[in-house]
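Protein chains in written order, with my numbering: chain A, 1 to 51; chain B, 1 to 303.
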């Protein structure tokens with residue numbers, strides 16, 4: 001039972017943690033080195049977030 | 001040394017990370033999640049059993065969807081009421097999709113004309129994927145033919161079809177300028193989104209965005225900003241459901257997530273150097289190549 005709970009918690013928390021770390025690192029890099037060119041809009045915004 | 005056993009198949013973790021790099025590059029370059037290419041990729045290239053491919057892909061999507069959620073909450077586009085109406089039904093949909101996947105997996109195999117066993121769940125999901133990818137490719141080709149004019153510039157019916165659907169109770173969507181929509185219809189759409197997520201291992205956006213744009217008349221910007229919370233909740237619930245059924249291999253999910261984190265940055269930098277039209281055509285080609293690969297696998301299985 002405990003093993004299943006730990007497994008499920010890991011399946012949700014591990015990628016969540018990775019995503020948060022990636023977001024934090026990306027933001028830190030962007031703050032240190034702001035983009036010199038304006039960010040380009042997604043080529044297909046109608047397909048954006050097709051997860 | 002870096003090979004792991006996934007559902008009885010030996011899989012290389014560096015290759016998984018490389019696949020994640022590719023998926024992330026696609027996502028960063030084309031502005032899409034890449035999820036509907038990931039599950040077929042895991043099944044076709046790595047021969048990972050489809051239920052584990054679906055569950056692991058959903059687990060990986062938690063990492064990517066939290067980034068989308070954090071990035072776009074600041075933009076304040078879209079209508080959060082849609083998320084709230086749909087999220088409850090989508091949770092039921094995820095459960096239904098996961099159970100349906102389990103039923104298909106339990107059907108086992110059938111024997112083809114040459115006496116080889118063919119997995120029913122793999123064949124069924126490959127058919128659904130091919131249909132969805134063809135739909136996305138046709139949308140992309142149409143957009144490329146229009147020369148990149150935004151959908152919001154195209155003439156829309158006076159009252160979009162789903163807004164006309166008069167089943168009470170109703171709710172107003174003031175952020176997107178829609179006076180009333182049926183809560184029941186919206187809930188069913190949420191259910192369908194969750195069903196696709198639980199069944200196919202995708203976020204559901206591939207179905208939700210066309211419905212918001214063509215069914216409700218949302219602008220592209222508002223459609224893209226709507227549903228992020230819904231999709232984030234959906235992938236978490238989907239991962240939970242699949243984890244309960246031991247369909248999630250965390251090693252697979254994290255290997256892909258590691259690669260996709262880098263790939264998405266590379267893709268985003270590349271997109272600045274390429275015209276929108278070239279991006280649309282490239283994306284359509286990628287989708288059609290994936291459909292072709294699925295088709296070859298289906299024919300090979302049946303023959």
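Where is the CB? At the ideal position from N, CA and C, for every residue including glycine.
For residue 249/B, the secondary structure class from DSSP, reduced to helix, strand or coil, is coil.
Per the C-alpha coordinates, the member of 163/B, 55/B, 141/B and 222/B positioned closest to residue 184/B is 163/B. Comparing alpha-carbon positions, the option among 225/B, 201/B and 42/B lying closest to residue 209/B turns out to be 225/B. By the C-beta criterion, the segment 114-124 of chain B is judged to be in contact with the segment 42-51 of chain B, since at least 3 inter-stretch pairs fall below 8 Å. Within chain B, the residues placing a beta-carbon under 9 Å from that of residue 20/A are 63, 66, 67 and 70, ordered along the chain. By the criterion of a C-beta distance shorter than 7 Å, residue 133/B is surrounded in its chain by 36, 287, 290 and 291, once the five residues flanking it on both sides are discounted. Looking at the backbone, the Cα of residue 87/B and that of residue 238/B are separated by about 12 Å. Excluding sequence positions up to five before and after residue 297/B, its CB lies within less than 6 Å of the CB of 44, all in the same chain and listed in chain order. Among the CB atoms of chain A, none fall inside 8 Å of the CB of residue 45/B. A straight-line Cα-Cα distance of about 11 Å links residue 4/A and residue 240/B.
Sequence-distant Cβ neighbours of residue 180/B in its own chain, meaning closer than 6 Å and more than five residues away, are 170 and 172. The Cβ atoms of residue 215/B and residue 160/B sit closer than 8 Å to each other. Burial state of residue 60/B is buried, judged by a 10 Å Cβ sphere holding 16 or more other Cβ atoms. Considered as a whole, the segment 115-198 of chain B harbours 117-119, 170-173 and 178-182 as its complete beta strand (DSSP E) runs of no fewer than 3 residues, in chain order.
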